[in-house]
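A.B. asks: The structure under discussion is supplied below as structure tokens; questions concerning it will follow.
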Amino acid sequence: SAVISQKPSRDICQRGTSLTIQCQVDSQVTMMFWYRQQPGQSLTLIATANQGSEATYESGFVIDKFPISRPNLTFSTLTVSNMSPEDSSIYLCSVEGGSGGDTQYFGPGTRLTVL
Amino acid sequence: GENVEQHPSTLSVQEGDSAVIKCTYSDSASNYFPWYKQELGKGPQLIIDIRSNVGEKKDQRIAVTLNKTAKHFSLHITETQPEDSAVYFCAVSNDYKLSFGAGTTVTVRA
């Protein structure tokens, strides 16, 4: 499976500011995904990020709030904009398994607290 | 979107006993069913998965069964050990998008 790293691992931010989270994978992958995990909850897909195209957002998530970049096949960023305490969550990136199927492997997550 | 229900929400077992977690889903077109284990402070780890053309899959102490007709699948952990304590999530894939169950917190008592 792919080795995935995320930066930062955690952060405490003030409301109204923005944070950019980086996701790096050790091999080239076509599909990368961003999830949100609110405290004590399950995972919810924010968007799918494919290289060379605009990210595809799920219902309830918009580009102005969660802009995503995918400059190459090993890297992506998610920005959480104009943060409020309700944005306090774990943000996780995942990548496809490489076999062309549905398998996804997750990074360690970024733990965000907004004051 | 896909609706995935997972039960129970918490499960406490004696070390050495078995644990079973069940999930149901709504979309009959779903064709891939992974299970993830998430330890405190870590990202979810894929532990086993099954595809719609297979009824059962086993990997050492872990097994998954799938009933496509009834639209439910289960995770079975045998001979539980303290390191099996974690939150387990089932998921269902449809067109490469994963929908997750609410999670089961498993505690293995020594």
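Chains as they are written, first to last, in this note's numbering: chain L, 914 to 1028; chain F, -9 to 100.
Positions of the beta carbon are idealized from the N, C-alpha and C atoms, including for glycine.
1. Look up E(-5)/F in the DSSP assignment and say whether it is helix, strand or coil.
2. Looking at Y1004/L and M925/L, is the spacing between their C-beta atoms short of 9 Å?
3. Name the chain L residues whose beta carbon is nearer than 9 Å to that of S64/F?
4. Output the boundary residues of the beta strand (DSSP E) element that contains M1031/L.
5. Quick one: Cα of Q964/L to Cα of Q954/L, how far?
6. For S20/F, count the other beta carbons within 10 Å of its own beta carbon; 16 or more makes it buried, fewer makes it exposed. Which is it?
7. Over what stretch of residues does the beta strand (DSSP E) that includes D85/F continue unbroken?
8. Using 8 Å as the threshold, is the segment 927 to 945 of chain L in touch with the segment 67 to 81 of chain F, meaning 3 or more CB pairs across them?
9. Does the beta carbon of Q50/F sit closer than 9 Å to a beta carbon anywhere in chain L?
10. If you draw a straight line from the alpha carbon of Y15/F to that of F23/F, how long is it in whole angstroms?
11. State the CB to CB distance for the pair W25/F and Y78/F, rounded to an integer number of angstroms; the pair is presumed to be in contact (CB under 8 Å).
12. Sort out for me which residues DSSP pairs Q1017/L with in a bridge.
13. Given that P1021/L touches chain A, what residues does it touch there, using C-beta distances under 9 Å?
14. Ordered along the chain, which non-local residues of its own chain (more than five positions away) have a Cβ less than 6 Å from that of V993/L?
15. Counting only the same chain and skipping the five closest in sequence on each side, list residues whose C-beta sits under 8 Å from that of F979/L.
16. Since Q83/F meets chain L, which of its residues come closer than 8 Å, beta carbon to beta carbon?
C.D. replies: Reading from the atomic positions:
1. strand
2. Correcting the residue type first, residue 925/L is Ile in the shown sequence and not Met. It is not a contact, given that the beta carbons lie outside the stated cut-off.
3. The premise fails here: S64/F is roughly 18 Å from chain L at the closest Cβ pair, so nothing lies under 9 Å.
4. Not covered by the structure: residue 1031/L. The range shown for chain L is 914 to 1028.
5. 29 Å
6. buried
7. From DSSP, D85/F is part of no beta strand (DSSP E); its letter is neither H nor E.
8. no
9. Not a single C-beta of chain L is nearer than 9 Å to the C-beta of Q50/F.
10. So the two alpha carbons sit approximately 10 Å from each other.
11. 6 Å
12. E1009/L
13. This model lacks chain A altogether, as its protein chains are L and F.
14. Excluding sequence neighbours, V993/L sits near L932, D1000.
15. W947, I959, A960, Y970, L991, T992, V993, S994
16. According to the sequence displayed, residue 83/F carries Ser and not Gln. Chain L residues near S83/F: D1015.
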